[in-house]
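Going by this note's numbering, the final residue of the sequence shown carries number 758, and the count climbs one at a time with no gaps. From the three backbone atoms N, C-alpha and C, an ideal C-beta is built for every residue, glycine too. Since the structure comes first, as structure tokens, the remarks are kept for the end.
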Amino acid sequence: MNSRDILAFILGGLGFMVVQPILAQLALIGIVALLLLVVVTILLPGGWVIFSGVRTFTGFFRRFIAPFAALSLAALLVTGASLIAGPAAGMLLAFLIGGLAGLLAVKSFTKTSAPVTATRSIAVGKGSKPSPVVSKQGSQVIQDSPKKADVCIVSRPGGWFGRSRGCIYRQAFDSGVIVFGEASIPAARVLVDAVLKLGRRVVVIGSPYMAASHAKTHYVPLGKTSINVLKPSSSDKFGLRRWAENIAVPLAVAAGLDTAEAGMVIRFLEKFRGSRVLPDDVDKLVAEYGPTGSARLKDALGMLTQFFGEGYPEPDKLFAGDWQQLVIDLRNLSQASQLFIGMYLLYDAPRLFQGCVIVFDSAELGLPELQLLPYDARHVWLRTLKTVERLRGCGGFVISSSTGLLAPELLDLAGTYIVTRGPSHVRRELSERIGVEVNPSSIPVGYALVYTRATPDGRSYLFEGELLQSPVCDLKALEAEAERKISLLREELLGAYRDTLLYADFADYAEHCYSLLRTVKRLQSPTSDSVSQLFPEAGKALKMLLEKQYLMVDPGGVLGLTALGEQALKDWESKSREEKTSDEAGGSSAQPAIALQTGLGSYTQQRKPREIHDVDTLVARARKHLLRGDSLAAVGIAYKAAVTSLKKLLGEEKGHLPDLAAKAAERGVLKISEEEARKLYAANIEAKRLSKQVADGQPVSEEDRKRMADAAELLISLAERVAVFSETLADQNLSEEVSGDG
Numbered sequence: 017m018n019s020r021d022i023l024a025f026i027l028g029g030l031g032f033m034v035v036q037p038i039l040a041q042l043a044l045i046g047i048v049a050l051l052l053l054v055v056v057t058i059l060l061p062g063g064w065v066i067f068s069g070v071r072t073f074t075g076f077f078r079r080f081i082a083p084f085a086a087l088s089l090a091a092l093l094v095t096g097a098s099l100i101a102g103p104a105a106g107m108l109l110a111f112l113i114g115g116l117a118g119l120l121a122v123k124s125f126t127k128t129s130a131p132v133t134a135t136r137s138i139a140v141g142k143g144s145k146p147s148p149v150v151s152k153q154g155s156q157v158i159q160d161s162p163k164k165a166d167v168c169i170v171s172r173p174g175g176w177f178g179r180s181r182g183c184i185y186r187q188a189f190d191s192g193v194i195v196f197g198e199a200s201i202p203a204a205r206v207l208v209d210a211v212l213k214l215g216r217r218v219v220v221i222g223s224p225y226m227a228a229s230h231a232k233t234h235y236v237p238l239g240k241t242s243i244n245v246l247k248p249s250s251s252d253k254f255g256l257r258r259w260a261e262n263i264a265v266p267l268a269v270a271a272g273l274d275t276a277e278a279g280m281v282i283r284f285l286e287k288f289r290g291s292r293v294l295p296d297d298v299d300k301l302v303a304e305y306g307p308t309g310s311a312r313l314k315d316a317l318g319m320l321t322q323f324f325g326e327g328y329p330e331p332d333k334l335f336a337g338d339w340q341q342l343v344i345d346l347r348n349l350s351q352a353s354q355l356f357i358g359m360y361l362l363y364d365a366p367r368l369f370q371g372c373v374i375v376f377d378s379a380e381l382g383l384p385e386l387q388l389l390p391y392d393a394r395h396v397w398l399r400t401l402k403t404v405e406r407l408r409g410c411g412g413f414v415i416s417s418s419t420g421l422l423a424p425e426l427l428d429l430a431g432t433y434i435v436t437r438g439p440s441h442v443r444r445e446l447s448e449r450i451g452v453e454v455n456p457s458s459i460p461v462g463y464a465l466v467y468t469r470a471t472p473d474g475r476s477y478l479f480e481g482e483l484l485q486s487p488v489c490d491l492k493a494l495e496a497e498a499e500r501k502i503s504l505l506r507e508e509l510l511g512a513y514r515d516t517l518l519y520a521d522f523a524d525y526a527e528h529c530y531s532l533l534r535t536v537k538r539l540q541s542p543t544s545d546s547v548s549q550l551f552p553e554a555g556k557a558l559k560m561l562l563e564k565q566y567l568m569v570d571p572g573g574v575l576g577l578t579a580l581g582e583q584a585l586k587d588w589e590s591k592s593r594e595e596k597t598s599d600e601a602g603g604s605s606a607q608p609a610i611a612l613q614t615g616l617g618s619y620t621q622q623r624k625p626r627e628i629h630d631v632d633t634l635v636a637r638a639r640k641h642l643l644r645g646d647s648l649a650a651v652g653i654a655y656k657a658a659v660t661s662l663k664k665l666l667g668e669e670k671g672h673l674p675d676l677a678a679k680a681a682e683r684g685v686l687k688i689s690e691e692e693a694r695k696l697y698a699a700n701i702e703a704k705r706l707s708k709q710v711a712d713g714q715p716v717s718e719e720d721r722k723r724m725a726d727a728a729e730l731l732i733s734l735a736e737r738v739a740v741f742s743e744t745l746a747d748q749n750l751s752e753e754v755s756g757d758g
């Protein structure tokens, strides 16, 4: 007995105790009236006519007269018990009779079908709306919502307040849920909301409108950033093969490659695992494969290396965090890119999202009906189907499909279907598996038909009702937070390149500028138009490179690298090699190999790139803070730049600005008074004090800020003068050595 039955028993007992005296009197009146009717019928000529009329009239109200007569007789029985056994016994008997009557009333109003053969349609809503279900002979189905289920999906007629909830069991997610129809996105959002309320983690791949409102939501807009899938997640040969297949198979699905081309992609990935993939490498693979499918294969690998390769964070880093709901938005990607990354995340979900419920839409693109695919693609299709099956043991899945053009085999994997209004071409597949005829096109808008066989008792349930509403997550707030996190990740990725020429001059555009320089060097006759076709965002970067004289344009409009551009390209690539070497060494400090040099380069002093460009980077950062109005931070950075430049000039490892300035003055290489050096040293100390004051919430006067800005300008000027003097001195020494050897 549930709480509803207990409440019905109590209310029925109390109500009957109140109306029992009235019902007892009505029972006496009814008995007397019945006796009079019998006497009239027997003694009066034509009395049978009166009896027939009374019988016919009461027949219209038979449904109500029978229970009323039973209650009246029970009330009369209670009166007799009170006279014989006392009032207490009469009240107890009245409460028991009323309680039983209340239970019978509830059971009659909420009477449902037993687990027998379905012989009638399920009505949707109230009135004469068309039903989407027509019973099919021989189908065993319980046309009701499972009892004690805790994942509510629809609202149905019935219950104490006129509505009840249609629910499924939480184990339905483990066996898989498929959502069909025009309202598949809102229906999927209801399921996501239910998963979150159960305390489980959920990953939404595709449309962000499937995500429910939740405080612990991590939003990743792919298209504004991306992930680097070209870095292996394992180092052993079995793990490498699995990593390569998890990329090659989704790429084959997205680009329409056949099985042989997928094998070429696997070999390509195993060969260049974790290495920088250049366009020439792709060309070599395509040439090795032959001209038959070269264009298709080159386009697929180009998409892979350009949008999901180096320069982006790895999946483990991008998806990290204390989240309950991870939303991976694919709307900003192209159709092929959406399909590839969606399938890749599906393949790698057991590793990336262990124990999470995976929710993804547009599954019909990756798993359409088998007859729509060419013969060579069927092996890939089977592997994808097997991947979805494995998700059932790794947390479960929810598949959303607005068109319903899914492979029928997916219906055999999932244990629950939620069908909303949609095309009727899936009618036969659904009807065969549900056991009744289902016509999705006749389902009213806003309603859903729910079928589940994922139940503890193993029985199948079929019910329908109005789809529940779940609020959409706040996309604007999530996008703003995502922009901040993406910027931080970008800064972290570019941390190894901070002391390069490109980062010092272009900061956030440094990577775009590097790609542009590399493209110009690779092309035979690069022009502004040809470069812009390869890089749609190249306009601003190209303009900046020309202004800074990293590129030059000849009278024919052909672009070329200047000596500064060549140096910047080598500088960036050396940093890339250093970063890769440090990653492979597991963080160990590897000794850099000294390359053989010829020509004038053999006379230059061997110095690390960090020693060459530290001062330029610090000066650029100090000026950047000055432009932002942060003079306190600018003083500290500029002071470090000045001290670093003096240390390099004098060959010292330690020392403060006054001591270094005094040594430089003694050697005659720098004219700076001791008082000026001490003022700049004091300004650095005062900037630290003022920064602590700001951190404590105390304001800083405009006069102090202006004084700190002046000190920062002086320190920047000092650092630049020392750096220029050092370069001039090095050039003079080099010229003297060359002329002496000559």
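Sequence-distant Cβ neighbours of arginine 205 in its own chain, meaning closer than 8 angstroms and more than five residues away, are Tyr225, Met226, Ala227, Ala228, Ser486 and Val488.
Using a Cβ-Cβ distance cut-off of 8 angstroms, the stretch 311-323 and the stretch 260-280 are in contact, since at least three pairs of beta carbons, one from each stretch, lie closer than that value. If you draw a 10 Å sphere on the C-beta of serine 416, you find 16 or more other C-beta atoms in it, and that means buried. Non-local C-beta neighbours of valine 236 in its own chain, meaning closer than 8 angstroms and more than five positions away in sequence, comprise Leu334, Phe335, Leu342, Val343, Ile344, Asp345 and Ala498, ordered along the chain.
For the pair alanine 649 and valine 738, the CB atoms are not nearer than the 9 angstroms cut-off. In the displayed model, glycine 318 falls within a helix according to three-state DSSP. Residue range 463-468 is occupied by the beta strand (DSSP E) that includes threonine 468. Between the C-alpha atoms of glutamine 159 and glycine 115 there is a straight-line separation of about 29 angstroms. Annotated three-state conformation of arginine 216 is coil, per DSSP.
Note on geometry: alpha-carbon atoms of glycine 46 and leucine 93 lie some 14 angstroms from one another.
Annotation: the continuous alpha helix (DSSP H) that includes glycine 652 extends over 647-666. The Cβ-Cβ distance between glutamate 198 and threonine 436 falls below 9 angstroms.
In the three-state DSSP reduction, threonine 419 falls in the coil class, being neither helix nor strand.
Per the Cβ contact rule, the stretch 243-254 is not in contact with the stretch 373-381 (fewer than 3 Cβ pairs under 8 angstroms). In this structure, Gly555 is the residue among Gly555, Arg538 and Val396 with its C-alpha nearest to the C-alpha of aspartate 545. With a contact defined as Cβ atoms closer than 8 angstroms, alanine 104 and phenylalanine 32 miss out at about 16 angstroms. Proline 162 and threonine 74 have their C-alpha atoms spaced approximately 40 angstroms apart. Residue pairing from DSSP leaves glycine 411 without any beta-bridge partner. Excluding residues up to 5 positions away in sequence, Ser541, Pro542 and Thr543 lie with their Cβ nearer than 7 angstroms to the Cβ of valine 574 in the same chain. Excluding its 5 nearest sequence neighbours in each direction, cysteine 410 has C-beta neighbours in its own chain below 6 angstroms: Pro366, listed in chain order. A residue is called buried when at least 16 other Cβ atoms come within 10 angstroms of its Cβ; phenylalanine 25 meets this threshold and is buried. A direct Cα-Cα distance of roughly 12 angstroms separates valine 454 from phenylalanine 196. At least 9 angstroms separates the beta-carbon of glycine 431 from that of proline 456. A straight-line Cα-Cα distance of about 17 angstroms links glutamate 445 and serine 476. Looking from the CA of leucine 517, the closest CA among Val466, Glu589 and Ala464 belongs to Glu589.
Rounded to the nearest whole angstrom, the C-alpha separation of alanine 264 and serine 707 is 53 angstroms. Our two residues, alanine 464 and glutamate 482, have alpha carbons roughly 6 angstroms apart in a direct line. With a cutoff of 9 angstroms on beta-carbon distance, leucine 87 and alanine 117 are scored as near each other.
Residue state for valine 375 is assigned as strand, using DSSP reduced to three classes.
Rounded to the nearest angstrom, the gap between the Cα atoms of leucine 401 and phenylalanine 80 is 58 angstroms.
If you draw a 10 Å sphere on the C-beta of glutamine 354, you find 16 or more other C-beta atoms in it, and that means buried. Rounded to the nearest whole angstrom, the C-alpha separation of valine 466 and tyrosine 530 is 55 angstroms. When the Cα atoms are used, glycine 576 and alanine 393 turn out to be separated by approximately 45 angstroms. Residue range 19-59 is occupied by the alpha helix (DSSP H) that includes methionine 33, with no beta strand (DSSP E) assigned at that position. Of the candidates Phe189, Ala210 and Arg637, Arg637 places its Cα closest to the Cα of alanine 520. Here cysteine 168 is bridged, per DSSP, to Cys183.
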